[in-house]
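Numbering (the working numbering), first residue to last: 17 to 415. C-beta atoms are modelled at their ideal positions from N, C-alpha and C, and glycine is treated no differently.
Following this line, the structure appears as structure tokens:
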């Protein structure tokens, strides 16, 4: 069985093709700058342990045009991975927001698409792109079963005391205002890998997903009981361009005293804050370079970034009444040794001690960077959202 996984964003399409019997992709790719001119496609095929990479620069006006270019690459002589689009049996779609009604991996119907559209106000930067991806995939892969996998679904096991806000109940009842959480596909994947490594099904684990977007989850015996993002992906940790936790009165002050409107605040908090707001850069590699050159602003930003992570580790250890492991994942979590080291400092009361020498090494796969005296395992686990989506599709369809 061929499972084609699509992660469709507002101006991009990420994809991977899996055979059902293997955890390794047959091919993967990224279509960038859709509708923005100077579009790019990077398509990689894995043949007998070797990579064949095709790069294209062309004008891709919309998602439909992008997917038709991907279709050509899938069947292109010399790098073909299928004979024709009908060889694709399943298309798995990553959907950021499923709300309270779409809580399980599900076959996509017109009703499911309508529910995803109803959630546009809660995920305006993501769900519209997902719908485009679904509709284009339905037109190209006509014989495939289309399946939706939701980023919010993993967090639906949170108890009400964790997901409700302390505002009048009707705001939850009438408008669905509550904590939903995001990066759920990643949190589910790496927490599952951690449970396998620990050989402890009832393990208490804190997963720390650090990329441009950042979130943490408290996972007890495989179920999420709390997470740092809220109604939207803005809440919680300091991120590349997002503020994370902020006193709501700051927004009221900016509205009432400085004349800001909703659109300006949305841009400020989502695109001009976080590490970018503190340093002028959102990429941690740039900020590391600044710090090496003696930048006080970069040093402070790193301290703030790590301090917020430590606060959530403390809170989630208390919420679970214990802790077996913390897991760092995603671009920053997997590659930034300094972030991991700083996040584990002064955490001996929880039993966290990091092996600084092992932590400084770059190695593939799951890594245990705990010090010998650490009561809590410190793990680095590369995330693989596409594989998790493929596995959920297989489980749903019982392949």
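Helix, strand or coil: how does DSSP classify residue i here?
i	result
residue 266	helix
residue 405	helix
residue 213	helix
residue 416	There is no way to answer for residue 416, as the model of the chain reaches only from 17 to 415.
residue 142	coil
residue 208	helix
residue 242	strand
residue 237	coil
residue 221	strand
residue 23	strand
residue 18	strand
residue 161	strand
residue 180	coil
residue 90	helix
residue 190	helix
residue 95	coil
residue 38	coil
residue 390	coil
residue 50	coil
residue 55	strand
residue 116	coil
residue 152	helix
residue 413	helix
residue 72	strand
residue 430	Lying outside 17 to 415, the shown extent of the chain, residue 430 is not represented and no answer is given.
residue 356	helix
residue 368	coil
Measuring straight from C-alpha to C-alpha, what distance separates residue i and residue j?
i	j	result
residue 388	residue 341	14 angstroms
residue 323	residue 177	25 angstroms
residue 191	residue 134	12 angstroms
residue 357	residue 366	15 angstroms
residue 393	residue 217	15 angstroms
residue 125	residue 163	9 angstroms
residue 112	residue 376	33 angstroms
residue 401	residue 273	43 angstroms
residue 19	residue 130	24 angstroms
residue 66	residue 33	16 angstroms
residue 381	residue 397	7 angstroms
residue 286	residue 63	40 angstroms
residue 204	residue 267	33 angstroms
residue 230	residue 317	15 angstroms
residue 122	residue 385	37 angstroms
residue 108	residue 409	7 angstroms
residue 198	residue 95	35 angstroms
residue 193	residue 136	14 angstroms
residue 28	residue 288	21 angstroms
residue 419	residue 165	Residue numbering for the chain in the displayed model covers 17 to 415; residue 419 lies beyond these limits and cannot be assessed.
residue 276	residue 270	6 angstroms
residue 51	residue 110	21 angstroms
residue 80	residue 226	31 angstroms
residue 413	residue 328	37 angstroms
residue 200	residue 345	13 angstroms
residue 208	residue 173	15 angstroms
Rounded to the nearest angstrom, how far is the Cβ of residue i from that of residue j, given a contact under 8 angstroms?
i	j	result
residue 68	residue 61	5 angstroms
residue 224	residue 349	6 angstroms
residue 306	residue 314	4 angstroms
residue 149	residue 22	5 angstroms
residue 247	residue 259	Incorrect: roughly 14 angstroms between the Cβ atoms, too far for contact.
residue 58	residue 46	5 angstroms
residue 48	residue 55	7 angstroms
residue 257	residue 290	5 angstroms
residue 238	residue 244	Actually they do not touch by this definition, with Cβ atoms about 19 angstroms apart.
residue 339	residue 210	About 12 angstroms; that fails the 8 angstroms criterion.
residue 188	residue 168	Residue 188 to residue 168, Cβ: 15 angstroms. No contact.
residue 161	residue 106	5 angstroms
residue 399	residue 354	Residue 399 to residue 354, Cβ: 20 angstroms. No contact.
residue 93	residue 156	Residue 93 to residue 156, Cβ: 19 angstroms. No contact.
residue 13	residue 128	The first residue shown for the chain is 17 and the last is 415, placing residue 13 beyond what the model contains.
residue 36	residue 17	4 angstroms
Since residue i sits in a beta bridge, which residues does DSSP pair it with?
i	result
residue 259	None; residue 259 has no bridge partner.
residue 43	33, 61
residue 166	111
residue 344	224, 396
residue 232	224
residue 106	19, 161
residue 378	Answer is none; residue 378 lacks a bridge partner.
residue 123	163
residue 3	Because residue 3 is not part of the residues shown, which for the chain are 17 to 415, the question remains open.
residue 277	Looking at the DSSP assignment, residue 277 forms no beta bridge with any residue, so it has no partner.
Tell me whether residue i counts as near the ligand ZN, meaning its Cβ is closer than 7 angstroms to at least one heavy atom of that ligand.
i	result
residue 95	As presented, the structure is devoid of all ligands, the ligand ZN included, so that no description of it is given.
Return the chain-ordered ranges of every alpha helix (DSSP H) run that is complete within the stretch 280-328 and spans a minimum of 4 residues. 290-295, 300-308
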